[in-house]
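Asks:
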Amino acid sequence: MAYSEKVIDHAENPRNVGTLDKEDPSVGTGLVGAPACGDVMRLQIKVSDDGVIQDAKFKTFGCGSAIASSSLATEWIKGKKVEEAEAIKNVDIVNELNLPPVKIHCSVLAEDAIKSAIADYRAKQAAKKA
Amino acid sequence: MAIKLPIFMDYHSTTPVDPRVIEEMLPYFNEKFGNAASRSHAFGWTAEEAVDYARERIGKLVNAQSEKEIVFTSGATESNNVAIKGVAEFYKEKGNHIITSVIEHKAVLDTCKRLEKEGYEVTYLGVGKDGRVDPDDVKRAITDKTILVSIMLANNEIGTVQPLEEIGKLTRERGVLFHSDAVQGVGKVPFDVQKMNVDLASVTAHKMYGPKGVGGLYVRRSKPRVRLVAQMDGGGHERGMRSGTLNVPGIVGFGKAADIMSKEGKEESARLLAMRERLRKKLETSLEEVFVNGSLEHRLPGNLNVSFAFVEGEAMMMAIKDVAVSSGSACTSASLEPSYVLRALGVGDELAHSSIRFGLGRYTTEEEIDFVADLVIDKVKHLRNMSPLYEMYKDGIDLKSVQWVAH
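For the record, the sequence lines run as chains A and B.
Position 86, counted from 1, in the first sequence is what the numbering used here calls 86; the numbers after and before it change by one each time, with no gaps.
In short: position in the second sequence from 1, add 1000, done, that's the numbering used here.
1) Quick one: which residues of the stretch 33–47 of chain A get their C-beta closer than 9 Å to a C-beta of chain B? List them in chain order.
2) Indicate whether at least one CB of chain A lies closer than 8 Å to the CB of B/PHE1090.
3) Relative to the C-alpha of B/LYS1381, which residue among B/ASP1322, B/VAL1306, B/THR1245 and B/GLU1288 is closest?
4) Given that A/ILE77 touches chain B, what residues does it touch there, using C-beta distances under 8 Å?
5) Is B/TYR1363 buried or exposed, if buried means 16 or more other CB atoms sit within 10 Å of its CB?
6) Pull out every residue of the stretch 4–16 of chain A whose Cβ sits closer than 7 Å to any Cβ of chain B, in chain order.
7) At which residues does the beta strand (DSSP E) containing B/ASN1080 begin and terminate?
8) I need the straight-line Cα distance from B/LEU1153 to B/ALA1201, nearest angstrom please.
9) Given this structure, state the Cα-to-Cα distance separating A/ILE184 from A/ALA73, to the nearest angstrom.
10) Going along chain A, which residues have a C-beta under 7 Å from B/PRO1249?
11) Which bits of chain A does B/VAL1405 rub up against, with CB to CB less than 9 Å?
12) Give the interface partners of B/GLU1312 over in chain A, defined as CB-CB distance under 8 Å, in chain order.
13) Can you list the residues of chain A that B/LEU1389 reaches, using a CB-CB cut of under 7 Å?
14) May I have the straight-line CA-CA distance separating B/LEU1342 from A/LYS129, to the nearest angstrom?
15) Does the distance from the C-beta atom of B/GLU1157 to that of B/ARG1280 stay below 8 Å?
16) Mind checking if B/SER1013 is an interface residue toward chain A, Cβ cutoff 8 Å exclusive?
17) Cα separation between B/HIS1237 and B/THR1077?
18) Distance cutoff 8 Å, beta carbons only. Does B/SER1243 sit that close to anything in chain A?
19) One question on the structure: do B/PRO1249 and B/TYR1028 come within less than 8 Å of each other, judged by their Cβ atoms?
20) Give every residue of the same chain whose Cβ lies closer than 6 Å to the Cβ of A/GLU86, excluding the five residues on either side of it in the sequence, and list them in chain order.
21) Taking the runs of the alpha helix (DSSP H) that are 4 residues or longer, which of them lie wholly in the stretch 1286–1332 of chain B?
22) Taking A/THR19 as the query, report the chain B residues whose CB atoms sit under 8 Å from its CB, ordered along the chain.
23) Per DSSP, which residues does A/MET41 bridge with? Please list them.
24) Identify whether B/ALA1047 lies in helix, strand or coil by the three-state DSSP scheme.
25) Just tell me which of B/ARG1172, B/PHE1308, B/HIS1298 and B/MET1208 has its CA closest to the CA of B/ALA1352.
26) Nearest by alpha-carbon distance to A/ALA11: which of A/GLY18, A/CYS63, A/ALA123 and A/ASN98 is it?
27) Determine the extent of the beta strand (DSSP E) in which A/SER116 is found, giving its start and end residues.
28) Using a 10 Å radius around the Cβ and a threshold of 16 neighbouring Cβ atoms, would you call B/ASN1030 buried or exposed?
29) Give me the Cα-Cα distance between B/ARG1242 and B/MET1316, rounded to the nearest whole angstrom.
30) Within the 8 Å Cβ cut-off, does B/MET1261 reach chain A?
31) Helix, strand or coil, according to DSSP, for B/PHE1178 in the structure here?
32) Taking the continuous alpha helix (DSSP H) assigned at A/HIS10, which residues delimit it?
33) Counting only C-beta atoms, is B/PRO1006 closer than 8 Å to chain A at any point?
34) Answer with buried or exposed for B/SER1401, where buried requires no fewer than 16 other C-beta atoms within 10 angstroms of its C-beta.
35) Residues of chain A with CB under 9 Å from B/SER1329, in chain order?
36) Give the secondary structure of B/VAL1380 by DSSP, where H, G and I count as helix, E and B as strand, and everything else as coil.
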């Protein structure tokens, strides 16, 4: 299968690979997918007091499209407000990376990873206030 | 010497045609273009003579008793189809049971599935962790209704070589016909239809440095004489077993390729085995959590199928895009299911997704092996650095204990 140039670029030069301290209350971690399915994404966000995503990191076990989807996701959400990041849809990723139908699940996983990281961040914040 | 890229390390999929084979084929495209079925003139006789010479050479490679036992087809898929369907149809009064294994090529499995729909019963034998069929399982599966056992010589994905000699003893004892899809192994590992009591064997030219589009089926003519119903109707070519004008240049090439294999196969296998082991040892020395899939001992010399844990196969292939290999990862198939062969071995899905098949062949060089080993080691490390699973493994987390959200 031929990849789009953007997928190749992200897969070969992934942005924001790394790990944030998951114990930090300002960090939200999302871990989605399953090894048996062939893809696992971990996406982390670090959120400032005024609700802006200051930093985002990812690690992905998966094909080139999965790596590219998560790399793009971190690039997009950095600097955005949490609510704005939450509005990102998998079709936006599909369109940007020109993913073929068989790879759409990679973009779904990236959207789930963003939402899961935000949910974790919010749960931590709620726990802090309680 | 500078390495020429891309490097072909996918010799199980196909092979380039040996220049000596091309040379022998060329006159049969124009100068000696006759139809081998033309009995009335010299053009036909020349073609027929060339075809029979090829039969002889291919027969010799598998140790047939007569060149008449080789039937030409369009390739191994057709050979497998005609062998299994042809025998099933001819012997249906005798019985309706066929035995095969779960790791056969789709050309065998799907043929058997079609026969099941037509009322035949098929037993699909499992394999051990070593990727081999247990002859005792064959013994237990044979019933009074069994007409055919079909077990491959060597597996196309993991290269494991099956115990054909033991199975052949059993089938001969019970008067059951024995077919083997010998495509991947013939010329590379010992294969002898007499010693192994094989009654039908599928072979193809393009896996042994011959052209694509030409295959053969060995059909035993005596003790026992194997009968089959043709699956292609027409002019009654190939002693009525396969109608259709013969692909004379292709057959000539097949014959030459078989002859080279007969003469050089053993030496070539020793060379490939040394290189395969060099590759394996390099990978295993420099990387942790590398698993060879299937028996190392009973394996094609040019095959190395390994799983690099925590790294997905397609991402790996993309990272080493200058090297042509193949993977059992779901992402490389349309079905999104990982390799059924690896699953049959009991390799977990996560490791099946991480598998890479290296296929070495006639033109593989030691320089290429070293280049590929270094590249693979570097890229596995790179991809593991961005794998959450590797990080968890390093943190001592048991990945099996994690509650994964399947999708």
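Cβ coordinates follow ideal geometry from the N, Cα and C atoms, glycine included.
Replies: With the given structure in hand:
1) GLY33, ALA34, PRO35, ALA36, CYS37, GLY38, ASP39, VAL40, MET41 and ARG42
2) no
3) B/GLU1288
4) By Cβ distance, chain B contributes nothing, its closest Cβ being about 18 Å from A/ILE77, past 8 Å.
5) exposed
6) ALA11 and PRO14
7) Unbroken run through B/ASN1080 is the alpha helix (DSSP H), 1076–1090; no beta strand (DSSP E).
8) 9 Å
9) Nothing in the structure corresponds to residue 184 of chain A, since chain A is present only between 1 and 130.
10) The premise fails here: B/PRO1249 is roughly 33 Å from chain A at the closest Cβ pair, so nothing lies under 7 Å.
11) LEU31, VAL32, GLY33, ALA34, ASP112 and SER116
12) GLY38, ASP39, PHE61, GLY62, CYS63 and ALA66
13) PRO35, VAL40 and PHE61
14) 50 Å
15) no
16) no
17) 19 Å
18) no
19) yes
20) ILE118
21) 1313–1319
22) GLU1391
23) A/VAL32 and A/THR60
24) helix
25) B/PHE1308
26) A/CYS63
27) It is not in any beta strand (DSSP E) - A/SER116 instead sits in the alpha helix (DSSP H) that spans 104–129.
28) exposed
29) 43 Å
30) no
31) strand
32) 5–12
33) no
34) exposed
35) GLY38 and CYS63
36) helix
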